[in-house]
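So the sequence shown is numbered by the numbering used here: it starts at 18 and just counts up by one. For reference, the structure discussed in these notes is given below.
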Amino acid sequence: GLISPQVLLDFPLFTAQVTSDPQPATNCERYERTSLSDDGTTAEYDLAYTNAGDTTAMNDTSTFKAANNTVMYITFGNNSSPVYELTLDYVNGDQCFVGHCNCTETPEIYYYLIDNPDSDILEYNKCFNKIDGYSGGNITFLRDIQRCQNVPPKP
18 GLISPQVLLD FPLFTAQVTS DPQPATNCER YERTSLSDDG TTAEYDLAYT NAGDTTAMND
78 TSTFKAANNT VMYITFGNNS SPVYELTLDY VNGDQCFVGH CNCTETPEIY YYLIDNPDSD
138 ILEYNKCFNK IDGYSGGNIT FLRDIQRCQN VPPKP
């Protein structure tokens, strides 16, 4: 089967944990699925996050569309653009996945480790080892207790 619709199905709740972006504009991102299309290719999420250097919880919505086997198109709010392209590099069941995306205001492509808040630490480590390898060890952690106190891993 196609990998990207399976990810949309398997991750009703996920958080962004690690990135290769040296200066991420947002932290603590948490996506909570609010709908999944009948064909399984489009999922809508409520998004909570903080802006860099701030602990205030911000809210938005996001839509993920499976474009093909490994690519998902991501939009935010009610906007149809910009469309960001997330390519899945490694998927570990319903535990975690790693992908690369042009998900910033710059043309740079960065890697992201996404996880299920209930993921097993040993399974999470498989994803961590992947992003660590893909990024040559240049990684930034997106969640810590202090920074994300207002956006816990679960709503």
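Cβ coordinates follow ideal geometry from the N, Cα and C atoms, glycine included.
In DSSP terms, what residue i is bridged to
| i | result |
| --- | --- |
| residue 83 | 89 |
| residue 102 | 90 |
| residue 131 | 33, 114 |
| residue 50 | 62 |
| residue 107 | 115 |
C-alpha distance - residue i paired with residue j, whole-angstrom precision
| i | j | result |
| --- | --- | --- |
| residue 76 | residue 111 | 25 Å |
| residue 163 | residue 74 | 13 Å |
| residue 154 | residue 147 | 10 Å |
| residue 31 | residue 39 | 21 Å |
| residue 47 | residue 23 | 19 Å |
| residue 120 | residue 127 | 8 Å |
| residue 141 | residue 34 | 10 Å |
| residue 173 | residue 20 | Residue 173 lies beyond the residue range present for the chain, which begins at 18 and ends at 172; the question has no answer from this structure. |
| residue 106 | residue 94 | 26 Å |
| residue 96 | residue 82 | 14 Å |
| residue 168 | residue 113 | 19 Å |
| residue 69 | residue 123 | 16 Å |
| residue 99 | residue 92 | 7 Å |
Helix, strand or coil at residue i [DSSP, three-state]
| i | result |
| --- | --- |
| residue 20 | helix |
| residue 28 | coil |
| residue 122 | coil |
| residue 44 | strand |
| residue 149 | helix |
| residue 142 | helix |
| residue 67 | strand |
| residue 76 | strand |
Contact set for residue i: own chain, Cβ-Cβ below 8 Å, skip 5 residues either direction
| i | result |
| --- | --- |
| residue 149 | 156 |
| residue 160 | 32, 33, 34, 44, 45, 170 |
| residue 158 | 34, 35 |
Neighbourhood of residue i by C-beta distance below 6 Å, restricted to the same chain and skipping five residues each side
| i | result |
| --- | --- |
| residue 61 | 51, 52, 80 |
| residue 171 | 134 |
| residue 136 | 112, 113 |
CB contact check: residue i to chain D, cutoff 8 Å
| i | result |
| --- | --- |
| residue 39 | Among the chains of the structure shown, chain D does not appear; only one protein chain is present. |
Residue i Cβ short of 7 Å to the ligand GTP heavy atom set
| i | result |
| --- | --- |
| residue 137 | This structure does not include the ligand GTP; it has no bound ligands of any sort. |
Cβ neighbours of residue i in the same chain (closer than 7 Å, five flanking residues each side left out)
| i | result |
| --- | --- |
| residue 152 | 37, 128 |
| residue 28 | 111, 133 |
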